[in-house]
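S.K.: Supplied in structure tokens, the structure appears directly below.
In the working numbering, the protein residues as written are 1 to 359.
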């Protein structure tokens, strides 16, 4: 009886109608609301019912989530004169407002069925200067100015740790990946994938959490990667070290479906807790169910030569910041993805049901 009741709750909350008003931004044109209704409804579990019940589908993201310490990049050209020719950036002051909340009908909005905070990204759009991949992604802002050291955090081993806005911090998210591009070269790890959480340093990234699902597979794979911190003359030596969480990151065409992975639209969580010098990661799927699965990982960011890597300096002398959202890894260059619009499946979509930053 309880399961029937929960199913009824979820079914009722997931009902929604697409808006047929067409909009156009940068590289892609599609019907507003179409992406929001393009995936299988959430599984009818007690956990998902609670998530949905705690969100208001009639409110903007900042009215459901605390976004006061985040700014966002949107995959289109900025309309502000002082940022002409640059990717759209919405400040923390604007993004965090609850009285005049920011949304974008295509790239950043509230799901009209669930209340989730949606990040959508095409395979090709304007990007930030040092990237070839488009994004609808949050960047933590601990101070008002990028140049202020207190805008970022450090680990305890940093000799200048007191100059930064925080020593460590914690990023927690409950989310679903609702779509990844269906075009691309399966030999490339960027194809069919999106980065959904990060720790970024000055040049390199000690953490990228990513999801990847091959076309034809029912399940996708969740994994994280550590980029060795090679700097100076050794900068070209940097590389990623991959860690599987659920599924397997490097599946190729013809691979068996990773049944231990995660389906599109399936809710899972990650927690990134940087405490002292340690980065502790926790991933959970089937949350609250009898078959719940928890995976944990820990790494000392202060130590160099991770897994014996000669050029890894560790991150003791780095400042860092958290990111979360949808950093689409399927581009029209190295990943060989196409950009024929939403109907062709050339986009990525991620929905957040919980997002907290403790810094």
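Cβ atoms here follow ideal geometry from the backbone N, Cα and C, with glycine treated the same way. For clarity, every value in this text was computed on a predicted model and none was experimentally measured.
(1) Expressed to the nearest angstrom, what Euclidean distance is found between the alpha-carbon atoms of residue 142 and residue 304?
(2) In this structure, does DSSP put residue 207 in helix, strand or coil?
(3) Check this for me: beta carbons of residue 285 and residue 274, under 8 angstroms apart or not?
(4) Anyone know if the C-beta pair for residue 320 and residue 300 falls short of 8 angstroms?
(5) Quick check on the DSSP output: the alpha helix (DSSP H) that includes residue 64 runs from which residue to which?
(6) May I have the straight-line CA-CA distance separating residue 71 from residue 144, to the nearest angstrom?
(7) Any heavy atom of the ligand SAM within a distance shorter than 7 angstroms of the CB on residue 329?
(8) How far does the beta strand (DSSP E) with residue 52 in it reach, from first residue to last?
(9) What residue ranges within the stretch 60-132 form continuous alpha helix (DSSP H) runs of no fewer than 4 residues, ordered along the chain?
(10) Go through its chain and collect everything with a Cβ distance to residue 308's Cβ below 6 angstroms, but skip five positions before and after it.
(11) Could you spell out where the beta strand (DSSP E) holding residue 172 opens and where it closes?
(12) How many angstroms separate the CA atom of residue 65 from the CA atom of residue 47?
(13) Between the alpha carbons of residue 268 and residue 52, how many angstroms are there, rounded?
(14) Should residue 114 go down as buried or exposed, given a rule of 16 or more other Cβ atoms within 10 Å for buried?
(15) Taking the straight line between their C-alpha atoms, what separation do you get for residue 60 and residue 337?
(16) According to DSSP, what are the bridge partners of residue 145?
(17) Rounded to the nearest angstrom, what separates residue 334 and residue 99 at their Cα positions?
(18) Whose C-alpha, out of 158, 85, 181, 45, is nearest the C-alpha of residue 346?
(19) I'd like to confirm the pairing. Which residues does DSSP put opposite residue 355 in its beta bridges?
(20) Per DSSP, which one or two residues make a beta bridge with residue 137?
(21) For my contact list, residue 322 and residue 169 are in at a C-beta cut-off of 8 angstroms; report their separation, rounded to the angstrom.
(22) Would you be able to state if there are at least three C-beta pairs under 8 angstroms between the stretch 214-230 and the stretch 240-258?
(23) Nearest to residue 84 by alpha carbon, out of 259, 126, 121?
(24) I need the DSSP call for residue 9, collapsed to helix, strand or coil.
(25) Let's test the definition: count the other Cβ atoms within 10 Å of the Cβ of residue 177 and tell me whether it reaches 16, buried, or not, exposed.
(26) If we ignore side chains and look at the alpha-carbon of each, how far apart do residue 282 and residue 110 end up?
(27) Give the list of continuous alpha helix (DSSP H) stretches no shorter than 4 residues that lie fully inside the stretch 218-298.
(28) What does the alpha-carbon distance come out to for the pair residue 186 and residue 146?
(29) With DSSP as the reference, label residue 308 as helix, strand or coil.
(30) Whole angstroms is fine: what's the gap from residue 302's alpha carbon to residue 57's?
(31) Would you say the stretch 206-218 touches the stretch 158-165, given that touching needs at least three Cβ pairs under 8 angstroms?
(32) Roughly how far, in whole angstroms, is the beta-carbon of residue 69 from the beta-carbon of residue 44, given that I think they are within contact range, below 8 angstroms?
(33) Kindly list the residues whose CB is nearer than 6 angstroms to the CB of residue 128, restricted to its own chain and excluding five residues on each side of it in sequence; keep chain order.
M.R.: Reading it off the structure:
(1) Within the chain shown, residue 142 is the residue found at index 142, counting from 1. Within the chain shown, residue 304 is the residue found at index 304, counting from 1. Those two C-alpha atoms are separated by around 27 angstroms.
(2) Counted from its first residue, the chain shown places residue 207 at position 207. Strand, per DSSP.
(3) Taking the first residue of the chain shown as 1, we reach residue 285 at position 285. Taking the first residue of the chain shown as 1, we reach residue 274 at position 274. Not in contact: residue 285 and residue 274 (Cβ atoms no closer than 8 angstroms).
(4) Reading the chain shown from its first residue, position 320 is the one you call residue 320. Reading the chain shown from its first residue, position 300 is the one you call residue 300. Contact: no.
(5) Walking along the chain shown from the start, residue 64 turns up at place 64. Note, residue 64: alpha helix (DSSP H), 61-64.
(6) Within the chain shown, the letter at position 71 stands for residue 71. Within the chain shown, the letter at position 144 stands for residue 144. Cα to Cα, the separation comes out at about 10 angstroms.
(7) Absence of the ligand SAM from the depicted structure is noted, as is the absence of any ligand whatsoever, leaving it without description.
(8) The residue given as residue 52 occupies position 52 in the chain shown. Taken as a continuous stretch (DSSP letters only), residue 52 belongs to no beta strand (DSSP E), being part of the alpha helix (DSSP H) at 46-53.
(9) 61-64, 92-95
(10) For the purposes of this step, residue 308 is identified with residue 308 of the chain shown, where counting begins at 1. Taken in chain order, the list of residues that qualify is empty.
(11) By 1-based counting over the chain shown, the position of residue 172 is 172. Element bounds for residue 172: 169-179.
(12) The residue given as residue 65 occupies position 65 in the chain shown. The residue given as residue 47 occupies position 47 in the chain shown. Their Cα atoms are separated by approximately 18 angstroms.
(13) Indexing the chain shown from 1 puts residue 268 at position 268. Indexing the chain shown from 1 puts residue 52 at position 52. Near 14 angstroms, if we compare the C-alpha coordinates of residue 52 and residue 268.
(14) As a working mapping, residue 114 is identified with position 114 in the chain shown. It counts as buried.
(15) Residue mapping note: residue 60 aligns to position 60 of the chain shown, counting from 1. Residue mapping note: residue 337 aligns to position 337 of the chain shown, counting from 1. Cα-Cα distance, rounded: 32 angstroms.
(16) As a position in the chain shown, residue 145 is number 145, starting the count at 1. Answer is none; residue 145 lacks a bridge partner.
(17) As a position in the chain shown, residue 334 is number 334, starting the count at 1. As a position in the chain shown, residue 99 is number 99, starting the count at 1. One C-alpha to the other measures close to 42 angstroms.
(18) On the chain shown, position 346 is the one that residue 346 refers to. Per the Cα distances, 181.
(19) Translated into the one-based positions of the chain shown, residue 355 becomes position 355. Answer is 173, bridged to residue 355.
(20) Along the chain shown, read from residue 1 onward, the residue named residue 137 stands at position 137. Paired residue(s): 73, 325.
(21) Looking up residue 322 in the chain shown gives position 322. Looking up residue 169 in the chain shown gives position 169. With 8 angstroms as the limit, residue 322 and residue 169 qualify as a contact, their Cβ atoms being about 7 angstroms apart.
(22) yes
(23) Within the chain shown, numbered from 1, the residue matching residue 84 stands at position 84. It is 126.
(24) In the chain shown, residue 9 corresponds to position 9, counting from 1. In this prediction, residue 9 scores a pLDDT of 36, lower than 50, which makes its location untrustworthy; no coordinate-derived value is stated.
(25) Sequence index remark: in the chain shown, residue 177 carries index 177 (1-based). When all chains shown are included, residue 177 counts as buried.
(26) Residue mapping note: residue 282 aligns to position 282 of the chain shown, counting from 1. Residue mapping note: residue 110 aligns to position 110 of the chain shown, counting from 1. Cα to Cα, residue 282 sits roughly 26 angstroms from residue 110.
(27) none
(28) Sequence index remark: in the chain shown, residue 186 carries index 186 (1-based). Sequence index remark: in the chain shown, residue 146 carries index 146 (1-based). When rounded, the distance between both Cα atoms is 37 angstroms.
(29) Start at 1 with the first residue of the chain shown, and residue 308 comes out as number 308. The answer is helix: DSSP assigns residue 308 an H, G or I state.
(30) For the purposes of this step, residue 302 is taken as the residue at position 302 of the chain shown. For the purposes of this step, residue 57 is taken as the residue at position 57 of the chain shown. So the two alpha carbons sit approximately 42 angstroms from each other.
(31) no
(32) Translated into the one-based positions of the chain shown, residue 69 becomes position 69. Translated into the one-based positions of the chain shown, residue 44 becomes position 44. Not quite, the Cβ-Cβ distance comes to about 34 angstroms (not below 8 angstroms), so this is no contact.
(33) Position 128 of the chain shown holds residue 128. Cβ within range, chain order: 87.
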